[in-house]
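This is how it looks when you write it as structure tokens:
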């Protein structure tokens with residue numbers, strides 16, 4: 026056949042081949058143009074040490090290199106799959122690029138001119154590939170430089186450490202061909218422990234492989250190749266901080282047989298640059314802060330989850346158990362004694378945790394007054410015993426700010442016996458169990474059960490509704506009259522909070538008040554009740570200036586730093602004297618922080634406010650409270666009033682409280698009078714004041730106004746009416 030290619034056409038060929046910046050496209054274009062120019066049926070390129078031809082044209086199945094071995098040795102004919110015998114020619118690429126161009130034609134042998142032209146095209150392709158690879162190397166170096174500059178910039182601008190470490194691993198992965206990357210560092214507080222500080226494209230179940238490779242590199246003091254059955258092959262290069270080995274940069278190898286020295290050297294160079302970056306003094310300190318709680322020195326949530334995930338992915342047998350610890354009554358101490366005292370208390374709790382646990386156990390502070398413990402190889406029963414020891418140790422008195430403080434600890438226990446479980450989920454399960462323990466009472470230990478999740482979701486919905494109740498106007502205040510028992514006359518009223526939910530209906534106070542205390546909403550609700558009651562009383566006192574209102578306050582409100590100011594502001598806004606208000610509180614409120622409670626109640630007493638001990642006799646009654654605190658009134662617990670006619674013991678208790686009050690010159694109010702015989706017996710024992718459904722049921726504000734202004738909806742029942 027006639028051959029009419031020219032130098033000009035070869036130049037055009039070079040332009041086409043050099044048009045793309047991608048090696049695969051360049052090779053495909055070069056083969057297609059060579060096959061077209063030489064009227065060939067098949068063509069392809071050999072590159073480096075690849076096992077088959079690339080950019081293949083004319084065949085639908087791969088063409089292994091051995092299939093054209095005769096042509097590589099100088100033969101002009103070869104048998105090809107699906108084509109049979111063909112005339113063939115091979116021309117090396119040159120330009121220090123291993124490989125060449127291959128073409129095959131069925132009908133006519135290739136002329137000397139065609140062979141020469143193929144050699145020219147092969148050299149053009151070789152030149153184009155050399156330029157592409159040189160450019161790729163320049164770009165790789167530029168990308169490396171830009172990545173390292175970005176990391177150095179992030180460090181100099183004091184970005185969060187996790188952002189810096191994430192940038193390191195992502196940048197390394199991109200530079201090394203999108204492989205999995207893990208940065209393993211030593212714990213600054215405990216150098217013997219390793220931390221999976223950051224990773225990119227590294228699968229979580231393979232954490233153990235990263236740690237093993239990192240350990241090998243740190244021991245060797247240089248680059249290592251890590252291979253272990255069942256784990257991804259990896260390379261690891263040590264990372265230094267201030268000259269000392271402080272971790273390792275680990276990269277997955279795409280292929281166990283991949284000897285890519287360029288990737289290895291790039292990993293080493295990148296690890297060296299990271300060492301320089303991490304030596305920055307701020308970064309070293311940030312590493313410590315990122316994984317250690319600055320107050321207690323314990324591991325923080327991030328390090329705890331990292332260690333927990335490692336334990337769950339470890340192939341060693343044995344269960345993994347998490348204890349979730351929440352302190353009881355901590356907020357009351359923190360609010361009453363101040364944050365410095367609260368911090369001191371948390372530090373002491375951390376010290377007791379360290380003393381209680383064994384050497385292999387891990388304790389962490391998750392935040393606030395929440396702690397966690399990681400136990401490995403323990404049964405649920407053994408974990409519960411450890412949890413009970415912790416709760417007992419925390420229940421012992423603390424000396425904080427020169428005061429004796431009592432708190433407690435509620436502990437949730439969650440166990441996982443299988444590998445590969447989710448660390449965050451296991452911690453959440455322990456949190457759910459802790460929540461159940463807290464509901465059961467202080468100092469309890471509860472083991473997680475799957476059914477608890479449903480309860481938690483229900484409770485969360487309840488909390489959301491409760492948070493929205495005040496703003497939605499769902500609360501109201503009813504008033505139960507307090508009656509002078511000998512005459513049936515009105516003495517005052519107790520303000521009672523009611524919650525009317527649009528779908529839940531009337532929610533009992535003993536259901537929602539503990540939740541309001543738990544989520545810190547009780548102080549806001551309490552202030553609202555006080556303002557409502559004070560405003561209502563101000564209107565009633567225009568016709569009955571002697572009336573008073575009693576308002577209940579929770580222990581958390583009594584020790585709140587704004588308690589006294591809140592009461593004073595409400596009285597001032599309503600134009601009421603202090604004597605118009607009786608503050609009702611239980612003895613539990615006095616036990617939380619007696620000194621602060623005494624100070625707050627003394628300040629109210631100076632303003633004329635009266636103090637009543639509610640549910641007297643039912644709790645941890647102490648006569649010393651009656652001497653120490655400025656109490657004006659005792660309210661006999663409902664349980665005693667209910668049994669005053671049937672139980673000689675209850676009758677004796679009621680009589681003793683009335684006599685005690687008389688001796689101390691205190692008013693006494695019988696709460697929960699439900700029957701006429703109760704009323705008669707109480708009057709006979711000298712009780713002057715009382716309240717209960719037999720006298721008056723709780724009234725909405727409109728009905729209370731009718732009662733006060735002489736248009737009662739129901740008449741009070743005096744003893745003579747029985």
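Numbering (our numbering), first residue to last: 26 to 747.
C-beta atoms are modelled at their ideal positions from N, C-alpha and C, and glycine is treated no differently.
Reduced DSSP secondary structure (H/G/I, E/B, other) of residue 185: coil
Once DSSP output is grouped into helix, strand and coil, what is the label at residue 265? strand
Determine the burial state of residue 497: buried for a count of at least 16 other Cβ atoms within 10 Å of its Cβ, exposed for fewer. exposed
Go ahead and pull the three-state DSSP assignment for residue 320. coil
For residue 606, the residue or residues it bridges with in DSSP: 574
Can you name the residues that DSSP bridges to residue 224? 207
Is residue 432 helix, strand or coil when you go by DSSP? coil
Report the partner residues of residue 524 according to the DSSP bridge assignment. 500, 532
Along the chain, where does the beta strand (DSSP E) that runs through residue 635 open and close? 635-641
Nearest residue (CA-CA) to residue 145, options 162, 114, 159, 132: 114
Alpha carbon of residue 195 to alpha carbon of residue 219, nearest angstrom: 20 Å
According to DSSP, which residues form a beta bridge with residue 804? Past the boundaries of the shown model lies residue 804; the chain is included only from 26 to 747, so the question cannot be answered.
In three-state DSSP terms, what is residue 295? helix
Check whether the segment 73-81 touches the segment 101-119, counting contact only when three or more Cβ pairs, one atom from each stretch, lie closer than 8 Å. no
Look at the Cβ atom of residue 72, then the Cβ atom of residue 119, and state whether they are nearer than 8 Å. no
Return helix, strand or coil for residue 753, following the three-state DSSP convention. Residue 753 lies beyond the stretch modelled for the chain, which goes from 26 to 747, so this question has no answer here.
Among 365, 323, 505, 223, which one has its Cα closest to the Cα of residue 299? 223
Neighbourhood of residue 607 by C-beta distance below 8 Å, restricted to the same chain and skipping five residues each side: 517, 573, 574, 575, 576, 634, 635, 636, 637, 657, 658
Is residue 48 closer than 8 Å to residue 157 when the C-beta atoms are compared? yes
Contact between the segment 45-64 and the segment 87-100: three or more CB pairs below 8 Å? no
Residue 351 - partner residues in DSSP beta bridges: 395, 435
Assign residue 663 to one of three DSSP states: helix, strand, or coil. helix
If you reduce the DSSP assignment to three classes, tell me which class residue 195 lands in. helix
Where DSSP assigns a beta bridge to residue 114, which residues make up the other side? 128
Compute the beta-carbon to beta-carbon distance between residue 375 and residue 323, rounded to the nearest angstrom, for a pair I have assumed lies under 8 Å. 5 Å
Distance, residue 263 Cα to residue 243 Cα: 5 Å
Rounding to the nearest angstrom, what Cα-Cα distance links residue 381 and residue 515 in this structure? 58 Å
Contact set for residue 190: own chain, Cβ-Cβ below 7 Å, skip 5 residues either direction: 208, 222, 223
Sorted by chain position, which residues of the same chain lie with C-beta nearer than 7 Å to residue 117's C-beta, five sequence neighbours on each side aside? 125, 147
Sort 293, 487, 232, 56 by Cα distance to residue 260 and report the nearest one. 293
Could you name each continuous beta strand (DSSP E) segment of 3 residues or more that falls completely within the segment 354-422, going from the start of the chain to the end? 387-392, 395-401
I'd like to know whether the C-beta atoms of residue 525 and residue 499 end up nearer to each other than 8 Å. yes
Cβ separation of residue 328 and residue 316, assumed to be a contact under 8 Å, to the nearest whole Å: 4 Å
On the criterion of 16 or more Cβ atoms from any shown chain inside 10 Å, does residue 482 qualify as buried, or is it exposed? exposed
Among 730, 664, 731, 690, which has the Cα closest to the Cα of residue 717? 664
Return helix, strand or coil for residue 539, following the three-state DSSP convention. helix
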